[in-house]
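Here the structure is laid out as structure tokens; the discussion comes afterwards.
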Amino acid sequence: IHRVQRWLQCRDKYLDEFLRHDAYGLPERSHCQSPHCSGIANENTEQRAHGAYRCLDCFQPLLCCADCMVRDHRHAPLHRIQKWTDTHWTHCSLHDHELGLVVRLGHSDGTTCAVPHRYDTPITVLHTNGFHQVNVVFCGCATEADDLLKRHQLLRARWFPATLDKPQTAFTFDVLELFHQITSVSGYSAHQYHSALQNLTDNSGTRHVPKRYDDLGHCTRYYRHLQMLKRSGRAHDPAGVSATQNGAMALQCPACPHPDINLPPDWQETAANLWLFTLFLAIDANFRLKLKDRGDSKDPELGSGWAYFVEYAAYLREIAKQPDIIEKSDCDSTHRAIERAHLKSHKGYTVTGVGAVICGRHGLIRANGVGDLQVGERYSNMDYIFLSSIISASVAIIMISYDIACQWSKNIKTRVTSYPIDLAANFFTFILRYVIPKFHLPAHGPKCQCPYSLNYLEGCARLDGEGIERGWAHLGPYSSSHKEKTAANRHDSMDDLFGSWNWRKIKEMGPTMLNKLHTALQGLAKQEAAFTSLSEAASDPQQADWLAMITTWQLDPLHAPNPFQEPEEIQTQSNIRRELDQQEVLERAQGLHIDVNDVSPVQFLERGINLEIEILKFNAKLAEDKPKVDSSLAGVHGERRRALIRRIQAWRQLQLSHMPGIQELTEDEEDLADHSDDVEVPPLSVKLLLPSHLSDSVSAGNSSSDRARFASGSWCTKEEKLRTGHAEAALTSLRRAIRCKIKVYKSKQANVRGIRAGTRAGTVVAQYQQKIIVAADIYRLSYNALNALHPGGEWLESFRPLLPTDCKGPQLQDEDDDQGTSAHRHRQRQLGDGSFVASWIWQPSRFSPRRPNQSDEGDDNIAMRVDWVKAYSRKQRWNEEKLLVVEEMRRILAFYKWKHHWWMQKLDQRGQAPEGVRAGLDAYCHKQAQMWQVMGVQCAELWVGSLRAFNIECPWLVEYVGEEETSVNISDGVGVAPGPVLPSPFEEAVELE
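Start counting the sequence shown at 1; every next residue gets the next number (UniProt numbering).
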């Protein structure tokens, strides 16, 4: 039975128990039940006071008289009291005239003050259980001036005063801490919290509840700031809080490299291992975190530049000096970030978003790594934020992930020279490497795909570069409330949120790194097996040549020959595109057409055809993977689907300008709706309405066909030429995939023995078969478009309908890789090859004068080379991930140890502080030092089992778990990691590219 069904069976009893609490609790009115009641000694019980009061906040409260209720609550003055009226319970305060409790501050031992200072009216105190009107008597007999201050007496009672002088409102530390914790994990606003406390006090509307919303906002802001100062050790500095340096209150990433903290002394001496100490950074902008224009505000920041935001005044001064240079983009990217780089205005807002720099592998916000964007994602803003974030860095290599890294990095060295020396000097001491995040890279042009790929570049491990997007998702719920604040309050609030985010990441370091280790070892085993299978189909000299090609390319990815890229699909596509571009130059000169948004008709058509192919590939991959509902792989496909829809919608906006009136055919496109809430990821079936998709027949009520109305004859001709190039390119890809499949299959038959090796090789064969299917589908897409545009045209001389039986090798013996057993195939085949007919795809055409079945190194081996180097790179990235995760584990423990000593070194730093303050400072040092020490021990104990199971030697674990725990038995092979493995969506989407 479902748990809800079981509960429904008990619902009536639950309701009765709820109502039982509204009763008096006894059959008749009772005397005071307190064992300390002053009338309990009376022999005549009738003279004892009645138990007319109860407390809602005490556990299993007794029915007490007024005197006992006051006496028992001297140290709990904010409990909620109710009084019995002979018919029901009603609200009653401890501090009203009936009970008359008075809170005496400055004398925690209960002694009477000789010079009491009493307010004429109660003060308002907000606690987690609502609003309270409290009678307070302040101490006036203290000998120290600080002890006489009313705000100090309230603070020592853990009540935060709303004002400095004569406070009439106070907030308990508990109510402020609760709000602090709630807002750190949700978008709960101060107004909502204040309303909830009002409702908790009285939700009937029959009692007056004061409004303290403004005071709550101010005190919450002060409280958060004080907590950040306290936790960053600023209270221990003899120079005072005002001496705080920029970024000193930010939480550092324990897993990132920090020389002199968590790196070995000789970390720079071995060049081969230098990549292990790379600092991975991710840069991005968020345009939801805006700020409305509310005019000039005199509200100051509590600590500008002390945590995550850059120092605001210096930032604005420097940005104002920088010229607004518009650098023309040469990347064919559909990212809005490039458009926003030169956004000119945003009415009604002084801030259009924020730019940020985070730790790329672990997601922690960098100190001084956040800044406001005034008019878009300009390079000057992002340059300053980046430079501020690396001032404290002292590593050798920095890898920067940015969705427009291909453009932003081009002239950055020139731009940096215009910044102050204290900001820019550190920049030139690093080896900088630039990459594009994995989900953003497919939207870039062909030039960016390999040189900025995290899959191919050495030292990237399994970084996806998308960690900053997860941080933005966390901040999304706060955007609506933050845009209403003052600029200073917004910075203080967001600094606190960034700190909460960083601390959450630090707390989760133990299980996070363990999960990464398990995923890395499993991924490495999988990719090593796939690479071994591919290597069996290539000779040793070939592999040596390909490896040398990878090494050369790694040294200069932008200019060296690219081993990951197949040659241009013969020259058909490039020749056709060159011919069409020349034609459009003439048409533009003659005024026959005008480019729309700097996009010519040919570019528009080419983008549409490529989108159609992307839709086909997405649907094929979705059908192949068959992701389970709510799985991480389903999340990957869902994100890819949404990204593809965004590209389609952007192209559709271009289509409305290039093909006026087409919107009447695009209305109510259900496939472009948001399906993020669907249980399953549906395939895409949207029609792009290119000229080949439009009907050539005249429908009822129209004088001409849809094609004649929305696409001119020249457009049809241009699409026909483009489709011809795509058809020939698809045939070329099909033939290469068939050759590679045959080669791998024959190598498997000749060399592979055993079930495990046979399964690995069979997987590679199946992957090539999937490539064959996709290439054939792309060809059929182009063929059908050509047939719709120009049936009976000259293109029929080169292209025919492609049947499944046509997708085979050019020789009789190539049929050995078909499905079925060898004996079955030989029974179906006649002796000799007299009856064998090669598929038409291997015959020459006017686009391919050389016979396609005459394979040379440029066909067979190049295709095999591309797959081999990609498989090699995947294996290398997983191996790097394993090594880097183990190194990060060591760094985390070293950082925790350093942090323990850092706090212990702060003991007795403020020797001139008052005795009570000094005792608190020392106690807090011991508390923090022990916390970091325990965190280190817990991480080591969590990791040691897996490290031992996988035979990974980690001598640095000895001081945490001892010699016996870290000893391992040296043996070959990788076992199954203990504990659950929860791979991220990026790690699950591993495929043969």
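Quick reminder that beta carbons are idealized off the backbone N, C-alpha and C, glycines included.
As the structure is a computational prediction, the values presented were derived from the model and not from experiment.
For the options G376, A766, D922 and W943, the alpha carbon positioned closest to that of A235 is the one of D922. Taken in chain order, the whole alpha helix (DSSP H) runs of length 4 or more contained in the region 519–561 are 540–555. Around the beta-carbon of L8, fewer than 16 other beta-carbon atoms lie within 10 Å, marking it exposed. In the displayed model, H75 falls within coil according to three-state DSSP, outside both helix and strand.
In terms of Cα proximity to C807, the closest of W795, I772 and N784 is I772. About 17 angstroms separates the CB atoms of P437 and S389; that is not less than 8 angstroms, and the two are not in contact.
Distance from the Cα of D57 is smallest, within the candidate group M69, I391 and C65, for M69. Within 10 angstroms of the beta-carbon of E719 lie 16 or more other beta-carbons, which makes it buried. Take L126, set aside five residues on each side of it, and the residues of its chain with a beta-carbon closer than 8 angstroms to its own are H132, T169, A170, F171, T172, V175, L197, R212 and L216, in chain order. Under the three-state reduction of DSSP, K771 is assigned to helix. Within the model, the alpha-carbon separation for W553 versus R865 is close to 14 angstroms. Close CB contacts of F430 within its chain, under the 6 angstroms cut and outside five residues either way in sequence, are with I398 (chain order). Annotated three-state conformation of W408 is helix, per DSSP.
In the three-state reduction of the DSSP assignment, D237 falls in the coil class.
Close CB contacts of R607 within its chain, under the 7 angstroms cut and outside five residues either way in sequence, are with W651 (chain order).
Rounded to whole angstroms, the separation of the alpha carbons of V686 and Q565 is 30 angstroms. Within the region 157–233, the beta strand (DSSP E) runs of at least 3 residues that lie entirely inside it are, in chain order, 159–161 and 169–172. Close CB contacts of L622 within its chain, under the 6 angstroms cut and outside five residues either way in sequence, are with H637 and P683 (chain order).
A residue is called buried once 16 or more other Cβ atoms fall within 10 Å of its Cβ, and F59, having fewer, is exposed. V629 is not bridged by DSSP to any residue. Excluding residues up to 5 positions away in sequence, R288 lie with their Cβ nearer than 7 angstroms to the Cβ of G476 in the same chain. Judged by pairs of C-beta atoms under 8 angstroms, the region 496–515 does not touch the region 312–320, as fewer than three such pairs exist. Under the three-state reduction of DSSP output, V599 falls in the strand class. Cβ neighbours of A367 within its own chain (closer than 6 angstroms, five residues either side excluded): G247 and A250.
Where W7 is concerned, the enclosing alpha helix (DSSP H) starts and stops at R3 to Q9. Across the set K292, D372 and A396, the C-alpha of A396 shows the shortest separation from the C-alpha of Q268. Annotation for F138: the continuous beta strand (DSSP E) segment containing it runs G130 to F138.
For a cut-off of 8 angstroms, the C-beta gap from P122 to G140 is around 19 angstroms, too long to register as a contact. The beta carbons of Y452 and V435 sit closer together than 7 angstroms.
Ranking Y924, L942 and L957 by CA distance to the CA of R231 puts Y924 first. Take L302, set aside five residues on each side of it, and the residues of its chain with a beta-carbon closer than 6 angstroms to its own are H225 and D492, in chain order. By the C-beta density criterion, P167 is buried, having at least 16 other C-beta atoms within 10 angstroms. Counting only runs that start and end inside the region 58–109, the alpha helix (DSSP H) elements of at least 4 residues fall at 66–72. Judged by DSSP in its simplified three-state form, L302 adopts coil rather than helix or strand. By DSSP's assignment, L373 forms a beta bridge with G353.
Taking C-beta atoms under 8 angstroms as the contact rule, W956 and L893 qualify, at a distance of about 6 angstroms.
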